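So the working numbering is basically just the index in the sequence shown, starting at one, shifted up by 30. From the three backbone atoms N, C-alpha and C, an ideal C-beta is built for every residue, glycine too. Treat the numbers as computed from the prediction; the structure is a model and nothing was measured. Read through the structure below, which is laid out as structure tokens, and then see the notes.
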Amino acid sequence: MKMIPSLMATLLATSFASLPVLAADAKASASAHAAQNGIDWRKDNNVDAAFAQAKASNKPLFLYWGAIWCPPCNQVKATIFNRQEFIDKSRHFIPVYLDGDTPGAQKFAAQFKVRGYPTMILFKPDGTEITRLPGEVDSERYLQVLTLALNTSLSVQDTLKLALAGGKTLKNEDWSLLADYSWDDPEQKLIAGKDLPATLLKLSELSPAGLHATRLYLRGIYAAATAKPGQALPAIDKAQASEKILKAISNVSTARDNMDLLSYGAGEITEFLTTAKSDSRNKLVRAWNVALVKLADDATLSKTDRLGAVGAQVALASLDNAKPEAALQKDVQKRVGLIEQATTDAYERQSVVNAAAHALGDAGLLDDADALLKAELKRSHSPYYFMSTLGSNAKKRGDKVAAANWYEQAYDAAKGPATRLQWGSNYVSNLVDLAPNDDARITKAIQSVFGEAAKVDNAFYERNRAYLEKMGKKLIDWNKEGKHQVAYQKARSQLDGICGKLPATDPQKAVCQGVLLKS
């Protein structure tokens, strides 16, 4: 899965490296961090009660939605939540830690429109959203955004409304919050996905010239570049846009301020604005690479962010070539090696190794990526995450047997009810691709996943729902010509038994019944 540099266990005010290996059980983990760190996280999963507390104390509520295994979550823990400045600011809001594997978490996630890990939202005491905090920016910028959010009197919805009306009453701080809002979060409901490119580009025009206008413009172009096929887009002069972006990335300060956008948007934006092997593409790629090398060398950035810049170089090199040249491959190997060896913190490693493995794999160095991942299996608190990546690498090689086995191992090793359901669904979906004629193995895997669903109270909410529906579509297509009817019918019968036990008034019932449509 691609995660826009894309959500937690024990959080300490001091070094994470001194902690024991994470507990597999999310509830035990939540209790542990509440007792041991400098942040007074609510240790239960009763978000409604937390909002009542926020209202009674007239404090904002900070909602963190994450998972123990998630690399970006571990990045946030290692670079933001352990900072004394964040800990101090936490005294001014009600901090709620909602782990995706705790009971009821997926249902709350549906209620508060959070899906991707990590998602961090600051709410007013009355429950209106102040902002969705960006998880991709560096810690200094994150803390600046949080400070502005804590001091504003406007909801993000009101700020956006005023901005689109001309923004004459808005302050620089308000534009800053709009520029740093997590617009790439598919669950944000402020702007419909189809309107996002045009709205962000309009905001960039309305914003006072400077950093915020540039950031909104970059976001708008990225939104256009990653729009769904067939989506109507605003009129964009691509030559003019290329020059505008060239100017932004050639400015060291501007590039540093927008390092997240430069890294995760490099390939998509360049491909969108220029044609293959054209002079305009070569010019943009050269300038972008200069900026990316500086970011990769910037010791003030986190190790994961520096690797993100390396990965962006690979993405640019892959636009017009089957794979990067040998010189870039050697540079990737060198940078990955130095950064990985310098990373001793267990939480930071979950993020760094993930970024490193993807940079190596995208550079065509799958053997190097596998060696790194296999070595990490013994060290990681969530090795099943890396087992899935090993499965993906084997799939790229065309080694279907190894890929299926890695996905199976990942599922077997997964911890936590929601995580097991999601990893199991992923295993089934990949098994259909890798061994479509092995009905016995597929049937066994389906029975196991639905068995997991039967044990979970909120199996058909949010992330669980998304994974199960994806698996269901895969199975429907697999049996499209009725070649696997016996196996398919077994799955339907098992699912019908689960759906039948759900009360008629339970919203999950309709979702459950829709996972496998009658063929």
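> Straight-line CA distance for Asp290 to Asp267?
Replying inline: So the alpha carbons of these two residues sit roughly 24 Å apart.
> Candidates Trp436, Arg495, Gln524: which alpha carbon is nearest Ser478's?
Replying inline: When only C-alpha atoms are compared, the closest one is Gln524.
> Name the DSSP beta bridge partners of Val126, please?
Replying inline: Looking at the DSSP output, Val126 sits in a beta bridge with Arg72, Leu93.
> Since Thr199 is in the beta strand (DSSP E), which residue starts that stretch and which ends it?
Replying inline: No beta strand (DSSP E) holds Thr199; DSSP gives it neither H nor E.
> Which residue or residues does DSSP assign as beta-bridge partners of Ile151?
Replying inline: Paired residues: Leu93, Arg162.
>> Once DSSP output is grouped into helix, strand and coil, what is the label at Ile266?
In response: DSSP, read as helix, strand or coil, puts Ile266 in coil.
>> Within the continuous alpha helix (DSSP H) that includes Asp188, where are the two ends?
In response: Note, Asp188: alpha helix (DSSP H), 186 to 194.
> In chain order, what residues of the same chain have a beta carbon less than 6 Å from the beta carbon of Gln538, not counting five sequence neighbours either side?
Replying inline: So the list reads Phe490, Leu532, once near-sequence residues are dropped.
> Which of the three DSSP states, helix, strand or coil, is assigned to Lys408?
Replying inline: In the three-state reduction of the DSSP assignment, Lys408 falls in the coil class.
>> Closest to Ile221 by C-alpha separation, out of Glu355, Asn76, Leu190, Ala399, would be which residue?
In response: Nearest of Glu355, Asn76, Leu190, Ala399 to Ile221, Cα basis: Leu190.
>> What would DSSP say about Gln218, mapped onto helix, strand or coil?
In response: Per DSSP, reduced to three states, the secondary structure at Gln218 is coil, with no helix or strand assignment.
> So Cys552 is in the alpha helix (DSSP H); what residue range does that whole segment cover?
Replying inline: This structure gives no information on residue 552, because the portion of the chain shown stretches from 31 to 549.
> Is it true that the CB of Ile369 sits closer than 8 Å to the CB of Lys333?
Replying inline: Ile369 is positioned such that its CB atom lies closer than 8 Å to that of Lys333.
> In or out: Asn351 buried (at least 16 other Cβ within 10 Å) or exposed?
Replying inline: Under this definition Asn351 is an exposed residue.
> How big is the Cα-Cα spacing for Ala385 and Trp213?
Replying inline: A direct Cα-Cα distance of roughly 22 Å separates Ala385 from Trp213.
>> Given this structure, state the Cα-to-Cα distance separating Asp397 from Phe111, to the nearest angstrom.
In response: Using only the alpha carbons, I get a separation of about 34 Å.
>> What does the alpha-carbon distance come out to for the pair Glu301 and Gln343?
In response: Here the alpha carbons of Gln343 and Glu301 stand approximately 13 Å from one another.
> So, helix, strand or coil for Thr535, using DSSP?
Replying inline: Coil at Thr535, not helix or strand.
>> Quick check on Asn456: buried or exposed, where buried means 16 or more other Cβ atoms within 10 Å of its Cβ?
In response: Buried is the call here.
> Using the rule of at least 16 other Cβ atoms within 10 Å of the residue's Cβ for burial, across every protein chain shown, is Arg162 buried or exposed?
Replying inline: Buried: at least 16 other Cβ atoms inside 10 Å.
> At which residue ranges does the region 401 to 469 contain complete alpha helix (DSSP H) runs of 4 or more residues, listed in the order of the chain?
Replying inline: 413 to 427, 430 to 443, 447 to 464, all fully within the region 401 to 469.
> Around the Cβ of His63, are there at least 16 other Cβ atoms within 10 angstroms (buried) or fewer (exposed)?
Replying inline: Residue placement at His63 is flagged as unreliable, the pLDDT there being 40, under the threshold of 50; the coordinate-derived value follows with that caveat. Burial state of His63 is buried, judged by a 10 Å Cβ sphere holding 16 or more other Cβ atoms.
>> Could you compute how far the alpha carbon of Gln353 sits from the alpha carbon of Thr305?
In response: Rather than Gln, the amino acid found at residue 353 in this sequence is Lys. Roughly 18 Å separates the two Cα atoms.
>> Taking 8 Å as the limit between beta carbons, can you name the residues of its chain near Asn202, skipping five residues before and five after?
In response: Same-chain partners within the cutoff: Pro238, His242.
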